[in-house]
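Q: Numbering (the working numbering), first residue to last: 29 to 591. Every residue, glycine too, gets a C-beta built ideally from N, C-alpha and C. In this text, all values refer to a predicted model and were calculated from it rather than measured experimentally.
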């Protein structure tokens, strides 16, 4: 019974020990196989109907497009020669939000996806400075000045004919339009005539700035997607309309001198686990080129989420940069701070810059009154969460300009020769994040890490406690057994006469001796000799719960204590 009890105790202690070791293994596993990272990998896996796919396919975030227009305040005085420079006044913003949906999505066997993007703009009056239907502005006549500049190298006959058409149509070099007409289209006789005569070149009969910039048509994009066998950087454009190159910039039919879309992205999603040495060219058809987004610094969002800050560097439009030689017109590069985009806009000489010519050649600012470049107001910046690869804040600012070269024989354009006219600038901005993304960020950076640390600490603490308890109890039991044996060793054993019939099985002669010790259940049977009927032996010679036969002569006469 005592044996069974000891066995039961040892079994219970072993169970505690096993549980403790199990909890320690669990805590180590939680450190190695981070549950938060597993959640991130699952949610951001780019497969059909995954969270990352839905975030890309139809973004739940609103991208706001704020339009600031340069209204001319001295049109008459400038045209009459009374003022040497144009005076412009920035008016805005007129705010729209962009609805994007990537349609006809098809996953390809080479780890890419092919799709057609569809964009729509919706006006938001509450965020705007006024009503675009009633607010009026005075702006340069872009078709008149653009066509005049485009034809400057044409034969004199062509310029004379064009001048006659301008006079006949009575096209004004300055127009008084509503903001809506300017942005979304107004009737222009020159445009209508061009669309009738050259429909393959001018395929519209109304001219509106945003209408033309956002008329992307049906563009087919192929994008690399993240996979385990990654060969290309995820979310980069593999092909645009069937080509990895921007053929609108091909000169003299030489593809070797054509810019590519290598590593370019639309900026909706970025690869995970970003490092500061990774930069991203951004491409949208409206820009007509890639714009290098460069790592600037590491920061934190107001909610504390770590981000990498990327910027368009001030010199990104400088013609001295090696990559910018692709974007120079055939007759020479534009002044620093301007980038030609005429190949995407019917060869009308338009160019992009930063707002108010920020980072550009000083002459651009000096030729027009009313522009004031300011880094704080006119820099572009994108904040990307580097672990997730999701942009949390977007501020991209681009200005559209009309570059009027030295026109010939077009009288109404002469006053604008060799001027770069600021037309308007756009601010693309993400003001807020969708609830689903906020929840994911909160789980990944607030709740998840704290919860994992707490569980690891708790399981480790309980595990160490159970293991320690098991070791302590095992040691205590061992100590108790040793104490009990020591106590029994100090207790004398008396040998008495007995008959072998009572204790033996025939191997013991008649008149044997039986060893007894108190209430002990063990017996020691010793053969009796002539030394008497009583003898004392040390306890260590007695084996518990068993009968042992020893030779009496081994203990006589030195162990004898008298009769």
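How about the region 443-460 and the region 91-106: do they share at least three Cβ pairs that are nearer than 8 Å?
A: In short, these stretches touch, since the Cβ pair count reaches three.
Q: Can you round the beta-carbon distance between residue 194 and residue 422 to whole angstroms, since I take them to be within the 8 Å contact cut?
A: Residue 194 to residue 422, Cβ: 42 Å. No contact.
Q: Less than 8 Å separating the beta-carbons of residue 412 and residue 338?
A: Against a cut-off of 8 Å, the Cβ pair of residue 338 and residue 412 comes out as a contact.
Q: Pair every Cβ in the region 172-186 with every Cβ in the region 371-387, then say whether three or more of these pairs are closer than 8 Å.
A: Yes, the region 172-186 touches the region 371-387.
Q: Comparing alpha-carbon positions, which option in 427, 238, 444, 463 lies nearest residue 200?
A: For residue 200, the nearest C-alpha among the options comes from 444.
Q: When the Cβ atoms of the region 346-354 are set against those of the region 393-406, are three or more pairs found closer than 8 Å?
A: As far as the Cβ criterion goes, the region 346-354 does not touch the region 393-406, which means the pair count is below three.
Q: Using 8 Å as the threshold, is the region 251-270 in touch with the region 129-140, meaning 3 or more CB pairs across them?
A: Result yes; three or more Cβ-Cβ pairs closer than 8 Å.
Q: DSSP state of residue 442, grouped into three classes?
A: Three-state DSSP puts residue 442 in a helix.
Q: Helix or strand or just coil, what does DSSP make of residue 589?
A: Residue placement at residue 589 cannot be trusted, given a pLDDT of 38 that sits under 50; the coordinates are not used to answer.
Q: If you follow the beta strand (DSSP E) that residue 376 is part of, which residue opens it and which one closes it?
A: Neither: residue 376 is in no beta strand (DSSP E) and is coded neither H nor E.
Q: The beta strand (DSSP E) that contains residue 65, what's its start and end?
A: No beta strand (DSSP E) holds residue 65; the alpha helix (DSSP H) holding it covers 63-71.
Q: Consult DSSP for residue 103 and reduce its assignment to one of helix, strand or coil.
A: It is helical.
Q: Return the first residue and the last residue of the beta strand (DSSP E) that residue 454 is part of.
A: Where residue 454 is concerned, the enclosing beta strand (DSSP E) stretches over 447-458.
Q: Can you tell me whether residue 241 is helix, strand or coil according to DSSP?
A: Here residue 241 sits in helix by DSSP.
Q: Pull up the distance between the alpha-carbon of residue 486 and that of residue 479, whole angstroms please.
A: Using only the alpha carbons, I get a separation of about 10 Å.
Q: Please report the Cβ distance between residue 431 and residue 471, rounded to the nearest whole angstrom; I am assuming they are in contact, meaning their Cβ atoms lie under 8 Å.
A: With a Cβ gap of about 50 Å, residue 431 and residue 471 do not count as contacting.
Q: According to DSSP, is residue 346 helix, strand or coil?
A: Coil, per DSSP.
Q: With distances taken from CA atoms, which of 96, 174, 233, 249 is nearest residue 440?
A: Nearest option by C-alpha distance: 174.
Q: Tell me which same chain residues have a C-beta within less than 6 Å of the C-beta of residue 115, skipping the five on either side of it?
A: Taken in chain order, the residues that qualify are 101, 102, 397, 398.
Q: Classify residue 253: buried if its beta carbon has 16 or more other beta carbons within 10 angstroms, exposed otherwise.
A: When all chains shown are included, residue 253 counts as buried.
Q: Return yes when the Cβ of residue 165 is within less than 8 Å of the Cβ of residue 210, no when it is not.
A: The answer is yes: Cβ separation under 8 Å.
Q: Can you give the beta carbon distance from residue 185 to residue 452, rounded, assuming they're within the 8 Å contact cut?
A: With 8 Å as the limit, residue 185 and residue 452 do not qualify as a contact, their Cβ atoms being about 35 Å apart.
Q: Using 10 angstroms around the beta-carbon of residue 406, count the other beta-carbons present and answer buried if the total reaches 16, otherwise exposed.
A: Residue 406 is buried by the Cβ-count criterion.
Q: If contact is defined by three or more beta carbon pairs under 8 Å, each pair taking one atom from either stretch, is the region 155-162 in contact with the region 206-220?
A: The region 206-220 vs the region 155-162: in contact.
Q: Roughly how many whole angstroms lie between the Cα atoms of residue 358 and residue 88?
A: If I take the Cα positions, the gap works out to 42 Å.
Q: Can you list, in chain order, the residues of its chain with a C-beta nearer than 7 Å to that of residue 81? Leave out the 5 residues immediately preceding and following it.
A: Cβ within range, chain order: 74, 75.
Q: Figure out for me which residue from 104, 136, 450 has the closest Cα to the Cα of residue 117.
A: Of the candidates 104, 136, 450, the one whose C-alpha sits nearest the C-alpha of residue 117 is 450.
Q: Run the CB neighbour count on residue 317, radius 10 Å, all protein chains shown included, and call it buried at 16 or more, exposed below.
A: Buried is the call here.
Q: Could you tell me whether the Cβ atoms of residue 364 and residue 388 are closer together than 8 Å?
A: For residue 364 and residue 388, yes; Cβs fall inside 8 Å.
Q: Rounded to whole angstroms, how far is the Cβ of residue 299 from the Cβ of residue 262, which I believe are closer than 8 Å?
A: 4 Å between Cβ atoms; contact.
Q: If you draw a straight line from the C-alpha of residue 274 to the C-alpha of residue 390, how long is it?
A: Approximately 30 Å, taken between the alpha carbons.
Q: Among 156, 352, 62, which residue has its Cα nearest to the Cα of residue 285?
A: Out of 156, 352, 62, 352 has the C-alpha closest to the C-alpha of residue 285.
Q: Roughly how far, in whole angstroms, is the beta-carbon of residue 124 from the beta-carbon of residue 149, given that I think they are within contact range, below 8 Å?
A: Yes, residue 124 and residue 149 are in contact; Cβ-Cβ is about 4 Å, under 8 Å.
Q: Does the distance from the C-beta atom of residue 202 to that of residue 169 stay below 8 Å?
A: Yes, the pair counts as a contact, with Cβ atoms nearer than the cut-off.
Q: Straight-line CA distance for residue 341 to residue 322?
A: The alpha-carbon atoms of residue 341 and residue 322 are separated by roughly 7 Å.
Q: Does the Cβ-Cβ distance between residue 197 and residue 217 come in under 8 Å?
A: Cβ distance < 8 Å, so residue 197 and residue 217 count as in contact.
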